[in-house]
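Written below as structure tokens is the structure these notes are about.
Residue numbers (the numbering used here), protein chains in the order written: chain A, 153 to 756; chain B, 249 to 566.
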């Protein structure tokens with residue numbers, strides 16, 4: 153498979169970049185994920201701590217409020233059974249009702265005397281109620297500010313706790329103020345909305361593990377974490393991170409204890425959800441990496457194309473141009489790298505080739521000139537040779553004819569000599585003329601059998617006295633007419649007869665066969681002629697040269713007869729071949745198409 | 249600011265002269281129309297002393313004692329003695345407390361002179377003494393009747409106001425001043441004796457919505473306990489007084505505060521010492537009061553006095 157140089161550069165580059173960016177992206181992702189995990193842990197822990205801090209601040213503020221209220225004159229004045237006390241109670245009822253209304257999270261606020269009898273309350277119907285048995289009252293009655301455990305409200309069912317404080321006049325405890333606080337108020341503001349994701353939530357459990365705050369209200373007081381292993385771990389650990397599976401999914405619990413009450417604030421979040429952003433980052437990193445690789449690859453490709461491939465393409469193109477013979481091709485590269493040097497070298501090489509070619513052409517022209525001169529010399533020598541002897545014979549015969557002393561019988565004999573030699577000369581000259589200036593074929597529809605027969609008759613009439621060769625005819629009577637040049641066909645036939653006659657100087661038999669035959673390779677309809685003699689045969693080492701001009705193995709002959717046969721076959725788009733065996737004979741196989749200009753298959 | 253105060257008591261012309269000397273930039277003479285031990289006068293002096301305590305002034309106090317000596321001749325003589333003292337001490341500012349000092353000292357001897365005077369405790373209208381004038385300004389003393397009525401009307405069913413007092417000229421004059429100063433349409437009852445006073449009290453319960461009880465003038469002191477029980481037993485409408493000693497007879501007493509008068513006079517004296525002219529300082533009127541709630545009457549009548557009122561009260565009678 154051919155791989156372009158550009159791809160050879162590009163593929164490893166992309167692979168290297170892919171590997172490099174994959175490694176760096178993986179390291180970057182892992183580092184980011186670790187950092188993100190740490191951050192998320194901190195964040196979720198901070199959320200738990202924030203809720204705890206708010207819870208602490210809220211309870212502390214409420215505690216301080218109640219302590220401050222316990223020291224207010226109105227509640228001090230409300231305790232004694234006096235005119236002022238009664239007025240103060242009325243005012244206290246009003247104030248407590250207003251506080252309850254304004255604050256929103258007080259279920260009830262009570263002021264009780266030392267007998268546990270409510271003397272003022274946020275709801276006047278509570279005045280007169282006995283709260284002596286309530287634990288908050290007990291602690292405040294004994295001088296302590298007390299924050300109770302969370303219990304379910306009898307009236308509303310929501311989680312409530314109470315803060316109680318003593319009311320003291322000059323260090324003497326004269327009464328108690330008790331506020332019952334709705335924890336769900338805090339939950340609605342700080343716990344329920346606290347989320348780090350769609351499935352995360354915050355919750356609060358008391359010191360026993362009972363859930364007292366949860367977005368799912370059904371779990372409040374119903375869920376006891378101490379019954380679960382992870383819950384026990386939360387209660388034991390109190391602060392930090394606890395992991396456990398929720399519905400088969402791993403979750404993180406960030407927990408923070410409110411030590412004053414032992415409550416634990418927790419934030420639970422699915423790990424997958426927390427790392428949603430990390431996964432997005434991973435995708436982003438992946439996409440970015442791919443884009444970077446593509447961008448770099450394109451850039452590298454462009455750079456390689458510009459700096460490497462393009463010059464190489466120029467070299468390839470120039471080399472192909474040079475290979476086709478255009479040595480004027482030059483490469484123009486003006487860079488500061490090896491390509492510029494290579495271009496210079498190439499151009500020098502091209503110039504050198506041009507010079508060499510020029511020299512070669514000169515040399516070739518010189519050689520051709522020499523060869524033409526040699527050929528001309530050879531031709532001249534051959535013509536001289538061919539003409540000299542007949543002319544000598546004719547001259548001698550003519551001298552005999554004019555010699556008065558010679559007998560008429562001899563003169564008659566030598567008269568035939570002159571005729572034979574003139575005929576012979578005529579043939580040779582015709583061969584030379586045909587070779588020197590071939591004429592375009594004059595095509596017409598002819599009967600080959602008729603032409604062959606005519607030429608046999610002509611030869612026999614001309615050569616009867618010289619040759620004893622027998623010509624045997626094996627003609628196909630159904631031979632199709634073919635389109636050919638009659639003159640050339642006559643020359644072809646005569647040349648092959650002469651050739652056979654020269655191959656059989658004493659006697660022999662030439663068998664001429666004609667037959668209709670389709671060409672095996674082109675399936676074209678044509679005519680086959682075989683000229684089979686019983687002569688000396690052709691040596692194997694020269695059989696390939698017999699159609700070359702001027703090649704001859706005979707003392708007598710121009711070496712143009714078979715060459716003419718070959719050229720005639722070319723002009724008729726026919727075929728000629730030879731089979732020969734020394735001392736047995738030679739056979740020339742001729743095949744002529746019915747119509748040399750018809751590319752289509754023609755049926756006989 | 250370090251202040252050293254030396255107080256001496258000077259007996260001058262058979263009277264007590266209480267001089268207070270301070271290391272100060274100005275000398276102030278305080279002229280009291282009455283005598284030490286008179287509750288009202290003592291209150292004014294406390295107000296003066298309280299303000300000047302932090303100043304660098306020299307305070308001299310002298311008393312005309314005209315409450316215990318009511319003859320015209322005594323009052324005139326007392327004024328002359330103070331005039332002589334002024335000539336001797338050469339004070340920068342004189343504070344004159346209550347009407348007699350203005351009437352017998354400032355009006356005849358010092359109006360439109362160079363010596364600045366600041367009067368206080370002058371009842372209702374200082375114009376009768378020619379004030380203000382170029383060198384005199386001060387604070388008049390009016391009964392805080394509007395403030396008293398503001399308290400009472402919370403428990404009243406209507407706007408009718410009754411006025412109950414012994415049949416004395418001063419009481420009638422007081423009633424007139426109420427009408428004149430505050431535009432109040434009073435239903436008056438001036439009693440001839442304690443029994444008539446009780447009669448008048450019952451009459452008021454039926455015919456007015458609020459009742460102002462004026463001083464008994466000391467005339468009914470011997471039957472005070474009886475009258476108090478009577479009042480407690482028969483009060484049906486909110487009642488009040490502007491006299492603290494009459495608080496046992498009423499639901500609410502909103503009494504004038506003498507310290508307010510003294511404090512204002514002293515502050516004005518300091519302003520004059522600082523360069524202001526008396527003529528540029530307008531005559532003022534008392535605003536504060538001394539609140540006393542009679543819980544006994546409130547409980548019997550069922551009036552729910554607000555806790556905030558009780559907390560602001562100076563005294564609660566239980």
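Every residue, glycine too, gets a C-beta built ideally from N, C-alpha and C.
Which class does residue i belong to by DSSP, given the choice of helix, strand or coil?
i: residue 681 (chain A); result: strand
i: residue 233 (chain A); result: coil
i: residue 467 (chain A); result: helix
i: residue 456 (chain B); result: coil
i: residue 414 (chain A); result: coil
i: residue 701 (chain A); result: coil
i: residue 283 (chain B); result: coil
i: residue 501 (chain A); result: helix
i: residue 327 (chain A); result: strand
i: residue 602 (chain A); result: helix
i: residue 321 (chain A); result: strand
i: residue 408 (chain B); result: coil
i: residue 269 (chain B); result: Low per-residue confidence applies at residue 269 (chain B): pLDDT is 40, beneath 50, and the placement is therefore not dependable, though the value from the model is reported in the following sentence. Strand.
i: residue 392 (chain B); result: coil
i: residue 449 (chain A); result: helix
i: residue 721 (chain A); result: helix
i: residue 294 (chain B); result: helix
i: residue 314 (chain B); result: coil
i: residue 563 (chain B); result: strand
i: residue 486 (chain A); result: coil
i: residue 738 (chain A); result: strand
i: residue 473 (chain B); result: helix
i: residue 227 (chain A); result: helix
i: residue 637 (chain A); result: strand
Run through chain B and tell me which residues come within less than 9 Å of residue i, C-beta to C-beta.
i: residue 235 (chain A); result: 541, 543, 544, 546, 547, 553, 558, 564 and 566
Run down chain B in chain order and give the residues with a C-beta less than 8 Å from the C-beta of residue i.
i: residue 225 (chain A); result: 559
i: residue 374 (chain A); result: Near residue 374 (chain A) there are no residues of chain B at all, since even the closest Cβ is about 45 Å away, more than 8 Å.
Output, in chain order, the set of chain B residues within a Cβ distance shorter than 7 Å of residue i.
i: residue 242 (chain A); result: 552 and 555
i: residue 249 (chain A); result: Correct list: empty, because the minimum Cβ distance to chain B is about 14 Å.
i: residue 272 (chain A); result: Within 7 Å Cβ-Cβ: nothing; residue 272 (chain A) doesn't reach chain B, min ~11 Å.
i: residue 205 (chain A); result: Those within 7 Å of residue 205 (chain A) in chain B number zero; the least Cβ separation is about 38 Å.
Compute the beta-carbon to beta-carbon distance between residue i and residue j, rounded to the nearest angstrom, for a pair I have assumed lies under 8 Å.
i: residue 294 (chain B); j: residue 309 (chain B); result: In fact, because the Cβ distance is near 12 Å, the residues do not count as touching under 8 Å.
i: residue 423 (chain B); j: residue 412 (chain B); result: Actually they do not touch by this definition, with Cβ atoms about 10 Å apart.
i: residue 496 (chain B); j: residue 471 (chain B); result: Wrong, their Cβ atoms sit about 13 Å apart, outside the cutoff.
i: residue 669 (chain A); j: residue 678 (chain A); result: 6 Å
i: residue 383 (chain B); j: residue 349 (chain B); result: Not confirmed; about 15 Å, so no contact.
i: residue 273 (chain A); j: residue 245 (chain A); result: 6 Å
i: residue 437 (chain A); j: residue 346 (chain A); result: That belief does not hold up - the Cβ atoms of residue 437 (chain A) and residue 346 (chain A) are roughly 30 Å apart, past 8 Å.
i: residue 674 (chain A); j: residue 627 (chain A); result: Not a contact, Cβ separation roughly 24 Å.
i: residue 196 (chain A); j: residue 387 (chain A); result: About 19 Å separates the two Cβ atoms, so there is no contact after all.
Is any heavy atom of the ligand ATP found at a distance shorter than 7 Å from the C-beta of residue i?
i: residue 410 (chain B); result: Among the components of this structure there are no ligands whatsoever, and the ligand ATP is therefore not found.
>> Taking contact to mean 3 or more Cβ pairs, one atom from each stretch, closer than 8 Å, check whether the segment 361-376 of chain B and the segment 393-401 of chain B are in contact.
In response: Judged by pairs of C-beta atoms under 8 Å, the segment 361-376 of chain B does not touch the segment 393-401 of chain B, as fewer than three such pairs exist.
> Taking the runs of the alpha helix (DSSP H) that are 4 residues or longer, which of them lie wholly in the segment 261-317 of chain A?
Replying inline: 287-293
>> Below 8 Å, how does it come out for the segment 441-460 of chain A and the segment 163-172 of chain A: are there three or more Cβ pairs, yes or no?
In response: yes
>> Just to confirm the assignment: which complete beta strand (DSSP E) runs, minimum length 3, are found wholly within the segment 336-373 of chain A?
In response: 353-357 and 363-365
> In chain order, which beta strand (DSSP E) runs of at least 3 residues are fully inside the segment 325-382 of chain B?
Replying inline: 341-345 and 365-371
> Counting pairs of beta carbons, one from the segment 392-400 of chain A and one from the segment 366-374 of chain A, are three or more of them closer than 8 Å?
Replying inline: no
> Where are the alpha helix (DSSP H) runs, 4 residues long or more, that stay fully inside the segment 385-444 of chain A, in chain order?
Replying inline: Within the segment 385-444 of chain A, the complete alpha helix (DSSP H) runs of at least 4 residues are 423-426.
>> Does the structure place the segment 180-195 of chain A close enough to the segment 204-216 of chain A that three or more beta carbon pairs sit under 8 Å?
In response: The way I'd put it, the segment 204-216 of chain A doesn't touch the segment 180-195 of chain A; fewer than three beta-carbon pairs between them come closer than 8 Å.
> Quick check: the segment 535-548 of chain B against the segment 509-523 of chain B, are there 3 or more CB pairs under 8 Å?
Replying inline: no
> Do the segment 603-616 of chain A and the segment 632-645 of chain A make contact, defined as three or more Cβ pairs closer than 8 Å?
Replying inline: yes
> Should the segment 401-415 of chain B be called in touch with the segment 383-392 of chain B, which here means at least 3 C-beta pairs below 8 Å?
Replying inline: no
> Does the pairing of the segment 349-365 of chain A with the segment 277-296 of chain A give three or more beta-carbon distances under 8 Å?
Replying inline: no
>> As an exercise, report each continuous beta strand (DSSP E) stretch of at least 3 residues that is fully enclosed by the segment 482-561 of chain B, in chain order.
In response: DSSP runs (the beta strand (DSSP E)) wholly in the segment 482-561 of chain B: 487-489, 500-503 and 538-542.
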